[in-house]
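Step one of this worksheet: look at the structure below.
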């Protein structure tokens, strides 16, 4: 997994400086190769099928002469660059750990490291209000608004949503293998004790026909409890959880490997079989590279379809390792800092983390070159998929559970006087049981993105914008129209009152903490609120 390598002084300076100008179309900065740089439309389409092209665009693998090549100057627009294929393709991601860990870090009086800040996980931490599908697939919602003080830039929101879970009694049984880190670092307050609390909550929440097993690891791994039905065994399970004590070093590889062995031994046909890793992910013994760790359990993942759910804990947290493990392990990651968050994950959100609505889900957004001059996907750098692989179902995508929403936010620069079609979004996924491929699409016109962001748009879109702008400032980004941190905090407070959503109130608090730690307001480009014309 790649992360930006900006130093903390640079991040602090950008917190004080606010938004910067976009210098290209891709989703990366000068120190990271962008999707457009890697995927310039010159490769032949894969056997898996041709992606849906944008209206008026050349087919993948060909260059439309109306658009400049990546890195060429557009004579009519000076230094403007355009993405040659006008396609944006990525694997779906329902992770929220980046935002949870950032809140914990800010609460401790520190700025998060830029490499741990993933805007998509900030955005996906908030309710979106999308219409839900009637069946087991996705709904696709596309809307947007003009970014304040940013000239001809707009924000376009692509929203994907699954149907919420049925009543708890109606879901398939779960077979969960808990892999718990009991290394020395887990002795710090808020780590192993929080894990014990979380598992106690979960023991109360699971049904009688669910099953759990428990593996612990420090310098080596040990099975404390083989796969055991909850019915008649809740006391034994609680006692086993209570016996866990911190030990020595952190051999994540041993824990994951033992966990998958147990999951295979206790595999239940027709159940939701999942490995749940609870750790600070600070690996220091054995194999410490995420992809190499997962190679050891590849057969179990592929043959049995057992997915990996990561729960991060601790003020010092191995974000990169946990992210790699869950991305490559066909799962997702969250972060818990206290009992309230643990209860939210293991009670309120349990079905979404246990069941699956879609496997290997990918999205492709086709922008219309007649109306769109430039676009930038905000985040998803480590979830990029080659455009020609969109319909290649052997290429890894993301796993999505019931009630999940996935949002992709784009900064989009429309052509002067543009009117008509802006973009078509397509989501493709495999049915978890039959592995049959399915697709849904949605589109947006210029009329739907003409309203002013802060006065005319859906409040939930405004919350999305606040979260994305905040993440981009923390990682030293360059989004057009980025307000100062103080202004963002005020907007979040207003939106919290309008939506009556406590999570938005907590977002406002986090922004205020970042402003105080940064020592300034984060004023950005000229324009009063850190917003200005991009040219």
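Numbering (our numbering), first residue to last: 17 to 551.
Glycine included, every Cβ here is placed at the ideal spot set by N, Cα and C.
Take the alpha-carbon of residue 438 and the one of residue 102: they are about 11 Å apart. DSSP, read as helix, strand or coil, puts residue 112 in coil. Counting along the chain, the unbroken alpha helix (DSSP H) around residue 214 starts and ends at 208-221. The DSSP-derived three-state label of residue 138 is helix. Sequence-distant partners of residue 488 (beyond 5 residues in either direction) whose C-beta falls short of 8 Å from its own C-beta, in its chain, are 35, 135, 394, 494, 495, 498. Between the alpha carbons of residue 253 and residue 107 lies a gap of roughly 37 Å. Residue 106: member of the beta strand (DSSP E) spanning 103-107, first to last residue.
Counting other Cβ atoms within 10 Å of its Cβ, residue 158 reaches 16 or more and is therefore classed as buried.
Secondary structure at residue 260: coil, using DSSP grouped into helix, strand and coil.
At the C-beta level, residue 373 and residue 401 stay beyond 8 Å of one another.
Assigned with DSSP and collapsed to three states, residue 406 falls in coil, not helix or strand. In the three-state reduction of the DSSP assignment, residue 133 falls in the coil class, being assigned neither a helical nor a strand state.
Here the alpha carbon of residue 203 sits roughly 46 Å from the alpha carbon of residue 407. For residue 378, the enclosing beta strand (DSSP E) covers residues 374-383.
Annotation: the continuous alpha helix (DSSP H) that includes residue 486 extends over 475-490. Contact annotation: residue 369 and residue 363 have beta-carbon atoms that are not nearer than 8 Å. Taking each of 305, 324, 143 in turn and checking the Cα distance to residue 292, the smallest one comes out for 324.
Measuring C-alpha to C-alpha distances from residue 289 to each of 508, 358, 278 identifies 278 as the nearest.
Partner residues in a beta bridge of residue 301, as assigned by DSSP, do not exist. Taking residue 517 as the centre and dropping the five residues before and after it, the same chain places the C-beta of 143 closer than 7 Å to its C-beta, in chain order. For residue 310, same chain residues with a beta-carbon under 6 Å away, outside a window of 5 residues either side, are 344, 345 in chain order. With 16 or more other Cβ atoms from the protein chains shown falling within 10 Å of its own Cβ, residue 297 counts as buried. The stretch 411-429 makes no contact with the stretch 449-457: fewer than 3 CB pairs, one atom from each, lie closer than 8 Å. The C-beta distance from residue 161 to residue 514 rounds to 16 Å, too long to fall under 8 Å, and the pair is not in contact. Judged by DSSP in its simplified three-state form, residue 238 adopts strand.
Here the alpha carbons of residue 236 and residue 446 stand approximately 36 Å from one another. Bounds of any beta strand (DSSP E) do not take in residue 507; it lies within the alpha helix (DSSP H) bounded by 501-515.
For residue 460, DSSP records a beta bridge to 439. By DSSP's assignment, residue 390 forms a beta bridge with 429. DSSP lists 191 as the bridge partner or partners of residue 289. Between residue 211 and residue 294, the C-beta spacing is below 8 Å. In the three-state reduction of the DSSP assignment, residue 319 falls in the helix class, which pools H, G and I.
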